[in-house]
Amino acid sequence: MKNVVVHPERCVGCMQCMIACATAHSHTKATPAALLEVPRPSPRVHVGAGIYNEGFPNRCRHCDPAPCLLACLPGAIYRDPETDTVLVNYDRCINCASCAMACPYGVIRYTEDYKAPPGKVVSVKCDNCVERQHEGKVPACVETCKTGALTFEDPAIAAKRKTGEVARSVSVGEEAREVPGSPTFSLLNALKRAQKIVNIR
Amino acid sequence: MIASVLAGHSAVADLPVRKDSFYERLGIDVILGEGAAAVQLDSSEVLTEGGRTIPFDRLLIATGSDARTVPAAEAAAAELDGIFYMRTLKHVESMVRILPEAGEGTGSALVLGGGLVGFKAAYGLLHRGFRVVMLIKSGYPLFMQVDAEAGRLIQEELEKKGLEVRTGVEAVGFEGEGRVEAARLSDGSMLSCSLVVVGKGVVPAMGFLPTEIETHAGVVVDEYLETTVPGIYAAGDVAESVDVARDKPWVNAIWPVAVEQGRHAGWNMAGRPVAYPGSLSRNVIRIFDLDVLTAGVVNPDEGEGYEAQVHYDPRRRLYRKLVTKEGRLAGVVLLNGIEQGGVLMNMVADRRPFTAPVERFFDGSFNFGLVSGRVG
Numbered sequence: 084m085k086n087v088v089v090h091p092e093r094c095v096g097c098m099q100c101m102i103a104c105a106t107a108h109s110h111t112k113a114t115p116a117a118l119l120e121v122p123r124p125s126p127r128v129h130v131g132a133g134i135y136n137e138g139f140p141n142r143c144r145h146c147d148p149a150p151c152l153l154a155c156l157p158g159a160i161y162r163d164p165e166t167d168t169v170l171v172n173y174d175r176c177i178n179c180a181s182c183a184m185a186c187p188y189g190v191i192r193y194t195e196d197y198k199a200p201p202g203k204v205v206s207v208k209c210d211n212c213v214e215r216q217h218e219g220k221v222p223a224c225v226e227t228c229k230t231g232a233l234t235f236e237d238p239a240i241a242a243k244r245k246t247g248e249v250a251r252s253v254s255v256g257e258e259a260r261e262v263p264g265s266p267t268f269s270l271l272n273a274l275k276r277a278q279k280i281v282n283i284r
Numbered sequence: 008m009i010a011s012v013l014a015g016h017s018a019v020a021d022l023p024v025r026k027d028s029f030y031e032r033l034g035i036d037v038i039l040g041e042g043a044a045a046v047q048l049d050s051s052e053v054l055t056e057g058g059r060t061i062p063f064d065r066l067l068i069a070t071g072s073d074a075r076t077v078p079a080a081e082a083a084a085a086e087l088d089g090i091f092y093m094r095t096l097k098h099v100e101s102m103v104r105i106l107p108e109a110g111e112g113t114g115s116a117l118v119l120g121g122g123l124v125g126f127k128a129a130y131g132l133l134h135r136g137f138r139v140v141m142l143i144k145s146g147y148p149l150f151m152q153v154d155a156e157a158g159r160l161i162q163e164e165l166e167k168k169g170l171e172v173r174t175g176v177e178a179v180g181f182e183g184e185g186r187v188e189a190a191r192l193s194d195g196s197m198l199s200c201s202l203v204v205v206g207k208g209v210v211p212a213m214g215f216l217p218t219e220i221e222t223h224a225g226v227v228v229d230e231y232l233e234t235t236v237p238g239i240y241a242a243g244d245v246a247e248s249v250d251v252a253r254d255k256p257w258v259n260a261i262w263p264v265a266v267e268q269g270r271h272a273g274w275n276m277a278g279r280p281v282a283y284p285g286s287l288s289r290n291v292i293r294i295f296d297l298d299v300l301t302a303g304v305v306n307p308d309e310g311e312g313y314e315a316q317v318h319y320d321p322r323r324r325l326y327r328k329l330v331t332k333e334g335r336l337a338g339v340v341l342l343n344g345i346e347q348g349g350v351l352m353n354m355v356a357d358r359r360p361f362t363a364p365v366e367r368f369f370d371g372s373f374n375f376g377l378v379s380g381r382v383g
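Chains A and B supply the protein sequences, listed in that same order. Under the working numbering, the residue at position 133 of the first sequence is numbered 216, and the numbers go up by one with no gaps. Under the working numbering, the residue at position 290 of the second sequence is numbered 297, and the numbers go up by one with no gaps.
Structure follows, in structure tokens:
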């Protein structure tokens with residue numbers, strides 16, 4: 084089954100995924116109009132800073148077993164077997180924050196949502212864009228990512244490709260070759276690391 | 008959940024987590040409304056309060072916990088109406104029933120205990136228009152969960168919302184005719200009240216067990232959640248496992264731990280040995296406009312090698328306390344901005360070493376990228 088795979092080494096921290104995500108989870112589905120909506124649409128993917136201030140696109144892993152689902156007191160969090168997605172029933176959610184305390188990745192937020200009862204603050208997280216998937220589209224964050232940091236594919240295939248890349252990189256005579264793609268990311272990340280070290284001093 | 012019934016935010020019908028068909032769908036015969044009275048080891052049978060005898064090959068003790076009783080309140084409750092524990096739906100239903108005669112909207116209520124239950128009770132009663140006085144015997148609210156500084160901030164928040172908090176005193180007696188009218192306090196003073204809620208914690212429900220099953224603060228279990236009698240397991244509020252932050256035997260009577268232990272006990276009882284790594288004390292509570300999240304060791308004893316770093320931003324009303332030991336996170340207290348609490352809680356639970364300076368964890372921009380261990 085296809086899912087969103089994150090390649091953090093390719094993230095440049097542009098945060099366009101956050102805007103695309105908020106738009107995809109708006110009533111109007113258009114960024115300019117979404118900005119005027121009440122409640123204001125919120126992103127489910129969160130780009131944060133890593134150790135060297137490099138970008139890190141952080142989103143729900145839809146874990147199995149999911150700690151948030153197990154911790155949910157009113158039984159509002161459930162798994163959609165069709166898309167293997169962990170979802171929240173806004174009617175049942177009581178905004179107790181037990182899921183935030185359980186989530187090892189810190190990807191749950193509490194806010195109003197256009198799909199929740201008006202005025203009710205609920206637990207809001209990535210839904211794998213199940214609605215878009217039903218329309219045959221890929222998740223909004225993947226569609227908008229310009230650097231390939233977010234891809235929509237079978238995680239097993241992505242892992243196998245990565246294993247292959249790492250294996251090739253250690254072959255005799257191949258050490259110097261870049262991992263397929265462009266060296267830009269390595270350069271960017273090296274630069275950020277150097278800047279950080281200089282700043283610390 | 009029952010607290011929101013008391014506050015009038017939820018209906019009783021909204022409470023069940025599972026559908027009525029839940030047990031049937033799983034092929035479980037369930038006997039409701041009838042407790043276990045005894046466990047007979049020689050014949051491997053459980054006797055119920057209703058006189059049934061149920062044989063077992065494997066037994067799971069998951070009887071949970073009951074409200075800790077307070078002798079003064081126990082004695083008074085036998086004669087006076089209006090004194091309640093807040094542990095079960097029945098407790099809250101009878102509380103809600105007498106709210107009108109207790110003076111909903113104008114009456115005075117007394118809450119004994121500054122723990123989580125005390126807070127939920129106070130919150131609900133304030134919403135119902137009561138004047139609420141909370142008596143806390145220890146120095147500050149949430150004494151078991153947070154440090155003194157956070158406790159002070161929580162108390163300020165509560166007082167702003169109209170709650171009266173008195174520390175260092177407790178109720179020693181109650182007076183009234185037919186129903187409670189006043190409480191006598193340990194400092195000799197009297198306090199009028201038409202409703203009393205006792206929230207002094209919980210105790211494991213293990214009184215019916217035979218002595219062969221060793222009990223301490225709870226039913227003692229090994230890492231496979233098996234008790235000292237082979238084939239008999241315990242999980243949840245009744246079980247005493249190991250606390251991973253304290254590295255000591257401990258009863259963590261909280262929902263997420265009960266879920267973890269129940270799953271592990273189930274696996275082990277079904278013949279698939281899965282070791283349980285231990286539990287972690289943790290809690291999250293929203294008190295009016297203040298969110299509180301705590302996990303692990305928050306009030307370390309001197310000389311045990313713990314260090315604490317505190318960061319308080321009064322303008323944004325953010326408070327963070329991180330307790331570390333040997334380069335690892337041992338405990339955390341967060342007031343407001345609790346969305347990343349799970350990352351920290353799991354760092355404590357997994358004993359993961361710090362990958363970045365502790366100060367970075369006070370940043371607003373802190374996210375999982377900082378602890379993922381990835382370096383460019």
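By construction, the Cβ of each residue, glycine as well, lies at the ideal position given by its N, Cα and C atoms.
| Query | Result |
| --- | --- |
| For P136(A), which of helix, strand or coil comes out of DSSP? | According to the sequence shown, residue 136(A) is Asn rather than Pro. In this structure, N136(A) counts as coil in the three-state DSSP scheme. |
| Got a sec: which bits of the region 159-177 of chain A sit with their beta carbon under 7 Å from any beta carbon on chain B, in order along the chain? | I177 |
| Which residues in chain A sit within 8 Å of D298(B), going by Cβ to Cβ distance? | A180 |
| Spell out whether any CB of chain A is found under 8 Å from the CB atom of N353(B). | yes |
| Helix, strand or coil for V365(B), going by three-state DSSP, please let me know. | helix |
| Can you pull the chain B residues whose beta carbon is under 7 Å from the beta carbon of G247(A), in chain order? | Chain B residues near G247(A): none, gap ~20 Å exceeds 7 Å. |
| Residues in its own chain within less than 7 Å of V95(A) by CB, not counting five upstream and five downstream? | G138, T230 and L271 |
| Below 8 Å between beta carbons is the criterion; list the residues of the region 185-197 of chain A that meet it against any residue of chain B, in chain order. | A185, C186, P187, Y188, G189, V190, I191, R192 and Y193 |
| Any Cβ of chain B within less than 8 Å of the Cβ of G131(A)? | yes |
| Just grab the DSSP bridge partners of N141(A) for me. | H129(A) |
| Looking at S193(B) and V210(B), is the spacing between their C-beta atoms short of 8 Å? | no |
| Beta-carbon of R191(B) versus every beta-carbon of chain A: anything under 8 Å? | no |
| Any idea what DSSP makes of A5(B), helix, strand or coil? | Outside the shown range of chain B, which is 8 to 383, sits residue 5(B), and nothing can be said about it. |
| If you measure from the beta carbon of A183(A) to each beta carbon in chain B, is any gap under 8 Å? | yes |
| Which of the three DSSP states, helix, strand or coil, is assigned to L170(B)? | coil |
| Contact check, V291(B) vs G348(B) under 8 Å by CB: the rounded distance? | 7 Å |
| Using beta carbons (cut-off 8 Å, strictly below), is P157(A) in contact with chain B? | yes |
| So, for S72(B): in the same chain, excluding its five sequence neighbours on each side, which residues have a beta-carbon less than 7 Å away from its beta-carbon? | V209, V210, P211, A212, D244, V245 and A260 |
| Given a threshold of 16 other Cβ atoms within 10 Å of its Cβ, counted over all protein chains shown, does A18(B) qualify as buried or as exposed? | exposed |
| With 8 Å set as the bound, which would you pick, yes or no: does the beta-carbon of F139(A) sit closer than that to a beta-carbon of chain B? | yes |
| Could you list the residues in the region 226-251 of chain A with a C-beta less than 9 Å from some C-beta on chain B, going in chain order? | none |
| Does the Cβ of L333(B) have 16 or more other Cβ atoms within 10 Å, making it buried, or fewer, making it exposed? | Sequence inspection shows Glu at residue 333(B); the Leu mentioned does not correspond to that position. That one is exposed. |
| Note down the Cα distance separating H223(B) from V205(B), rounded to an integer number of angstroms. | 24 Å |
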